[in-house]
Amino acid sequence: MVARRKGLSLEEKRAKMLELFYETQEFYQMKELEKIIGIVPKKKGVISQSVKEVTQSLVDDGLVECEKIGTFVCYWAFPSKVLQVKKRLVENLEASIRDLDAKVKKAKWEVQNQRKEKVDCKTHTGLITIITKLEEKEKDLRKLLDKYALCNLEVINQVRSRIRKASEDANRWTDNIFTIKKWCKSKFAMDEQHLDKQFEIPEVLNYFE
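Sequential numbering from 1 applies to the sequence shown in full-length UniProt numbering.
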């Protein structure tokens, strides 16, 4: 008997939906998203019935933009957006870690103080428990911070790759424009300024570095 394939978790579905937005960089209505996901379920692994719920969770977390334009509600997301969101998350996590660190230090100081004053064992044990819980929470937050730091690096690399490709495409088109200008000048004896004006070519047109 063939084992039934396990469905994607909510986080996996969210990641797949974000992939769709980042790959296409298009604006969608909800019906369009449900239709696209219905066509390519094998590629994304998200069923159309869960698209609305998954997309809304991304909107709630600020990873996907949602705006009413006329009578339509549009959804979109670009790679640069997630950088801003994750930066805020990292800043919040760092603030929480600093706060927990201060609480741990304070609790440890109280334990040391009570040892000197020989207070009852019950109070001492309670403080030890608080310290342990605070240290565990701080450890979990640091793990989460490391996770977001890694995600940031991955997203930054993706954005850099897209920028590099866009620059290459722009340079290729710029090269084509210069070639056509050269050909027109030679073929029709046209003045360069006249060419620029005729075809609305910026005077400052140059290659991206």
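Don't be surprised by glycine CBs; every beta carbon is placed ideally from N, CA and C.
No experiment lies behind these values; they were computed from the predicted model shown.
query, result
"Starting from residue 54, follow the alpha helix (DSSP H) in both directions and report where the run begins and ends.", "51-60"
"Nearest to residue 101 by CA position, among 74, 142, 197 and 34, is which residue?", "142"
"Take residue 47 as the anchor and find which of 189, 9, 37 and 55 has the nearest alpha-carbon.", "37"
"Excluding sequence positions up to five away, which residues of its chain have a Cβ less than 6 Å from the Cβ of residue 42?", "Legend: pLDDT at residue 42 = 49, less than 50; position of this residue unreliable, value from coordinates given subsequently. Cβ neighbours of residue 42 beyond the five flanking positions: none."
"If you count every other CB in all the chains shown that lies within 10 Å of the CB of residue 73, and 16 or more means buried, which is it?", "exposed"
"DSSP on residue 64, reduced to helix/strand/coil?", "coil"
"Taking all protein chains shown into account, decide if residue 20 is buried (16 or more other Cβ within 10 angstroms of its Cβ) or exposed.", "buried"
"Suppose you measure from the CA of residue 76 to the CA of residue 51; what does that come to, to the nearest Å?", "14 Å"
"Which class does residue 27 belong to by DSSP, given the choice of helix, strand or coil?", "coil"
"Does the separation of the CB atoms of residue 58 and residue 14 fall below 9 Å?", "yes"
"Helix, strand or coil for residue 11? Go by DSSP, reduced to three states.", "helix"
"Below 8 Å on the Cβ atoms is my contact criterion, and I expect residue 33 with residue 63 to pass it. Report the Cβ-Cβ distance as a whole number of Å.", "Not really, about 14 Å apart at Cβ, beyond 8 Å."
"Short of 8 Å in beta carbon distance, which residues of its chain neighbour residue 10, apart from the five on each side in sequence? Order them along the chain.", "54 and 57"
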